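Report on the structure given below.
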Amino acid sequence: MTGLKQLLAATAFTAATLSGASITGAWAQETIFLSTQLRPVEEATKVRQIILKGASGPVTFVVEEPSPFQTRMDAETTAGKRTISMVGALHGELSPLLGSKALDPVDDLVAKAKERGVPDAMLTLGKLGTDKQMYIPWMQATYIMAAKKEALQYLPAGADVNALSYAQLKDWAKNIQDKTGKRALGFPAGPKGLMPRFFQGYLYPSFTGGVVSTFKSAEAEAMWATFKDLWAHVNPNSASYDFMQEPLMAGEVMIAFDHVARLKDALVAAPNDYVTFPAPSAGKGRGFMPVVAGLGIAPGAPNRAGAAAVIDHLLKSETQIAMARELGFFPVVKADLPTDLPGGIKLLVEGVAKTQGSQDALVSLLPVGLGAKGGEFSKVYFDTFQAIVLRNAPIRATLDAQAVTLQTIMNETKAPCWAPDKASAGACQIN
Amino acid sequence: MTQNRLLPYVLIAPASVFLILLFVVPLVQTIALAFMDNGTASLTNFRKMVGDLNFGLSIGNTFLLVLAVIPLQLCMALVMAMMIQKMEKGRGLVLWIWIIPLGISDLAAGLVWLAILQDRGYFNTILNMLGLIDGPVNWLSYEAPVSLFVGVVLAEVWRATAIILIILVAGLQLIPREYAEAAEIFGAGPWTRFRRITLPLLKPSIQSALILRTVLAFEVFAVVYALSGRNFPVLVGEAYAWQHVNQNNGVAAAYAILVMVISLAATVIYIKALRTPPEMQP
Numbered sequence: 051m052t053g054l055k056q057l058l059a060a061t062a063f064t065a066a067t068l069s070g071a072s073i074t075g076a077w078a079q080e081t082i083f084l085s086t087q088l089r090p091v092e093e094a095t096k097v098r099q100i101i102l103k104g105a106s107g108p109v110t111f112v113v114e115e116p117s118p119f120q121t122r123m124d125a126e127t128t129a130g131k132r133t134i135s136m137v138g139a140l141h142g143e144l145s146p147l148l149g150s151k152a153l154d155p156v157d158d159l160v161a162k163a164k165e166r167g168v169p170d171a172m173l174t175l176g177k178l179g180t181d182k183q184m185y186i187p188w189m190q191a192t193y194i195m196a197a198k199k200e201a202l203q204y205l206p207a208g209a210d211v212n213a214l215s216y217a218q219l220k221d222w223a224k225n226i227q228d229k230t231g232k233r234a235l236g237f238p239a240g241p242k243g244l245m246p247r248f249f250q251g252y253l254y255p256s257f258t259g260g261v262v263s264t265f266k267s268a269e270a271e272a273m274w275a276t277f278k279d280l281w282a283h284v285n286p287n288s289a290s291y292d293f294m295q296e297p298l299m300a301g302e303v304m305i306a307f308d309h310v311a312r313l314k315d316a317l318v319a320a321p322n323d324y325v326t327f328p329a330p331s332a333g334k335g336r337g338f339m340p341v342v343a344g345l346g347i348a349p350g351a352p353n354r355a356g357a358a359a360v361i362d363h364l365l366k367s368e369t370q371i372a373m374a375r376e377l378g379f380f381p382v383v384k385a386d387l388p389t390d391l392p393g394g395i396k397l398l399v400e401g402v403a404k405t406q407g408s409q410d411a412l413v414s415l416l417p418v419g420l421g422a423k424g425g426e427f428s429k430v431y432f433d434t435f436q437a438i439v440l441r442n443a444p445i446r447a448t449l450d451a452q453a454v455t456l457q458t459i460m461n462e463t464k465a466p467c468w469a470p471d472k473a474s475a476g477a478c479q480i481n
Numbered sequence: 038m039t040q041n042r043l044l045p046y047v048l049i050a051p052a053s054v055f056l057i058l059l060f061v062v063p064l065v066q067t068i069a070l071a072f073m074d075n076g077t078a079s080l081t082n083f084r085k086m087v088g089d090l091n092f093g094l095s096i097g098n099t100f101l102l103v104l105a106v107i108p109l110q111l112c113m114a115l116v117m118a119m120m121i122q123k124m125e126k127g128r129g130l131v132l133w134i135w136i137i138p139l140g141i142s143d144l145a146a147g148l149v150w151l152a153i154l155q156d157r158g159y160f161n162t163i164l165n166m167l168g169l170i171d172g173p174v175n176w177l178s179y180e181a182p183v184s185l186f187v188g189v190v191l192a193e194v195w196r197a198t199a200i201i202l203i204i205l206v207a208g209l210q211l212i213p214r215e216y217a218e219a220a221e222i223f224g225a226g227p228w229t230r231f232r233r234i235t236l237p238l239l240k241p242s243i244q245s246a247l248i249l250r251t252v253l254a255f256e257v258f259a260v261v262y263a264l265s266g267r268n269f270p271v272l273v274g275e276a277y278a279w280q281h282v283n284q285n286n287g288v289a290a291a292y293a294i295l296v297m298v299i300s301l302a303a304t305v306i307y308i309k310a311l312r313t314p315p316e317m318q319p
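So the protein lines, in turn, are chains V and Z.
For what it's worth, this note's numbering labels the leading residue of the first sequence as 51, then goes sequentially.
For what it's worth, this note's numbering labels the leading residue of the second sequence as 38, then goes sequentially.
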């Protein structure tokens, strides 16, 4: 009996030592790449098997939701021990890492990125408001609208689906409701939906020509009234939609606005059933917001050289084209997309091209310089929407109250205005 | 001799260390987080919490839910416990079936009810088959606050009544049969026996059950989140949103402290209100 116990103990000890040794051994050469992007199993598998194939040295691609991602990077900073060498995340998710000292400047990689054709404006975004390059742009995406072809018959007379106004979108949704009894327009206003970006990049710029400075302007007041009217024809389940591809596929909605990656599954599943088109326009133009995901390296990374090599690999034009083809994210480098893209991806590309190419396109940048306050910044826009549209609060009073919170955030972070607001010397001010 | 004196301490040491590491330390850290802003003591987080759009609503909703769910569950659990008590055969089986929901995580329970109550859920399907509705009716949207609330109450009752039930069943078994038999000889009917004997002797169990269930009810989150998303804000849901969506752990900690204070207050009230002197215990 004692013999057996001893044997078990010895085996356990040996196993522990061996596995410990192998982990340490592997860490020495492996690059651990933690990403908030491309989390679904099929996408992560494609990254591992297709995108990262050909990268020098072994790379372990690990995905994490944005919140645990942040917590983990914070914890590694606090612990003073890094296991993650490089990170890939959205601009807004990388920006808080600055505060938790989890990003090492990557100025050494800028020259190569420029050479490959990453636009200067995008590289500037990657400085996160500092004078050093904090991340290298990785891939881009944006938001578009998608509709079932069967919904096109209800378009109001004279409306061009590729150049809709908010008034026409409302009439369209109203027509469908009158004819079919269904509220067929949907927005991703659920707990994990990207609705705040709709307000910041689409609604506010289109109506007011700004995002922060015009927050409580007379145009903003009129805008919320218009949007509230529109919302009467929006599917009430929108308050629970996170990814619009699901209600589109389930037939709950026929017209939807969302991030391209969150429409992709519906379009790929039935490319012949859908059309894609730009978000609507209003008085000041057709607001749209390009989204950038970036690649950063952690300070004290276990394998900095490996991480730099992986970043170099990901920025090759063939890797970038493969990402567009397989995953629906668009190149940040100069690369011509092939014409034989799969149907669903082609729809996405068309939607994005139509958006970028519209006559009245008004580019809205992602928030810059907000650091860890990005979440609270978005909350201001969502709370305003919730109060005015969902809870019938008076528009003027709500805007005035939320403007105080918004101004506090801007003053605390000292973030200057970004496009489409006019550049400011100090913290961006609400007019 | 020395060894014997030390033994109890040695035996409780693992549990104590565990509690200190995983309860006391995080509690102190949470308090520090809530009362600090940029490294200095401050009430900023609490000011932000109170000034938030959803603060009043989430307090109101949480209390409304507790006030609706707990009395309902207590009555149901009492009835169920008395029924089980009277059963001669198959008691174990019935008890086992009744406590199945306890084995399901609360998020899963929320999803079960979501599958029933959503637009294309079982409930609408049945109503449709009976010809009572034409198309899907939206029971859980912000436009239907009453049915949304009823849905959450139903899910909570389904999920957590068994916690009270188990404690009451255990309590009932502690009450000696002689009291009821004596009362019966003196002519007390079933209702009088229940009111005058069972209920008073069951008070300590009711107290424990209520404390446990109320504390859990103030922490309600996953069921509400699954059924309503953001349409029915509750306190713990707001703590979650501040931590994960708004990324401000100070305000999230302030919410956590508030929930703890409310739970402690409820516990104190139960202990005072349902006090049973030792000589009256069975």
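Each residue gets a CB set at the ideal place from its N, CA and C atoms; glycine is no exception.
Keep in mind the model is a prediction, meaning the values are calculated, not measured.
Assigned exposure category for residue i - 16 Cβ within 10 Å defines buried
| i | result |
| --- | --- |
| A78(V) | Summary for A78(V): the model assigns pLDDT 49, below 50, so the residue's position carries little reliability; its value from the coordinates is reported in the next sentence. Classification for A78(V): exposed. |
| S53(Z) | exposed |
| I82(V) | buried |
| R196(Z) | buried |
| T229(Z) | exposed |
| E180(Z) | exposed |
| L211(Z) | exposed |
| Y46(Z) | exposed |
| V206(Z) | buried |
Cutoff 7 angstroms: residue i Cβ touching any chain Z Cβ
| i | result |
| --- | --- |
| L391(V) | no |
| E426(V) | yes |
| A289(V) | yes |
| P241(V) | yes |
| L235(V) | no |
| D124(V) | no |
| W468(V) | no |
| A422(V) | yes |
| A540(V) | Because residue 540(V) is not part of the residues shown, which for chain V are 51 to 481, the question remains open. |
| P286(V) | yes |
| D471(V) | no |
| D433(V) | yes |
| T61(V) | Only weak support is given to the placement of T61(V): the predicted model assigns it a pLDDT of 44, under 50, and the question is left unresolved by the model. |
| L416(V) | no |
| S72(V) | Its pLDDT being 41, under 50, S72(V) is placed unreliably by the model, and nothing is read from it. |
Beta-bridge partners of residue i, as assigned by DSSP
| i | result |
| --- | --- |
| R336(V) | A411(V) |
| S145(V) | For S145(V), which the question treats as bridged, DSSP gives no partner whatsoever. |
| D74(Z) | T77(Z) |
| F111(V) | F83(V) |
| V137(V) | L84(V) and G346(V) |
Under the three-state DSSP convention, the category residue i falls into
| i | result |
| --- | --- |
| L309(V) | Contrary to the premise, residue 309(V) reads as His rather than Leu in this sequence. In this structure, H309(V) counts as strand in the three-state DSSP scheme. |
| W468(V) | coil |
| V439(V) | helix |
| Q218(V) | helix |
| D292(V) | coil |
| P169(V) | coil |
| D386(V) | coil |
| K162(V) | helix |
| I170(Z) | coil |
| F327(V) | strand |
Residue-level contact to chain V via CB, residue i, 7 angstroms cutoff
| i | result |
| --- | --- |
| V260(Z) | no |
| E180(Z) | yes |
| V62(Z) | no |
| L295(Z) | no |
| L90(Z) | yes |
Any non-hydrogen atom of the ligand HEM within 6 angstroms of residue i CB
| i | result |
| --- | --- |
| A319(V) | The ligand HEM is not part of the structure shown, which contains no ligands of any sort. |
Closest by C-alpha distance to residue i, when choosing among the options
| i | options | result |
| --- | --- | --- |
| V65(Z) | R128(Z), I294(Z) and L111(Z) | I294(Z) |
| G188(Z) | L239(Z), V260(Z), G168(Z) and N165(Z) | V260(Z) |
| L102(V) | G149(V), T174(V) and H363(V) | H363(V) |
| P108(Z) | T251(Z), V298(Z) and A310(Z) | T251(Z) |
| G130(V) | A348(V), I445(V), V360(V) and V160(V) | A348(V) |
| F277(V) | F248(V), T127(V) and R89(V) | F248(V) |
| A319(V) | P286(V), E200(V) and Q295(V) | Q295(V) |
Chain B contact residues for residue i, given Cβ-Cβ distances below 9 angstroms
| i | result |
| --- | --- |
| R84(Z) | No chain B is part of this structure, whose protein chains are labelled V and Z. |
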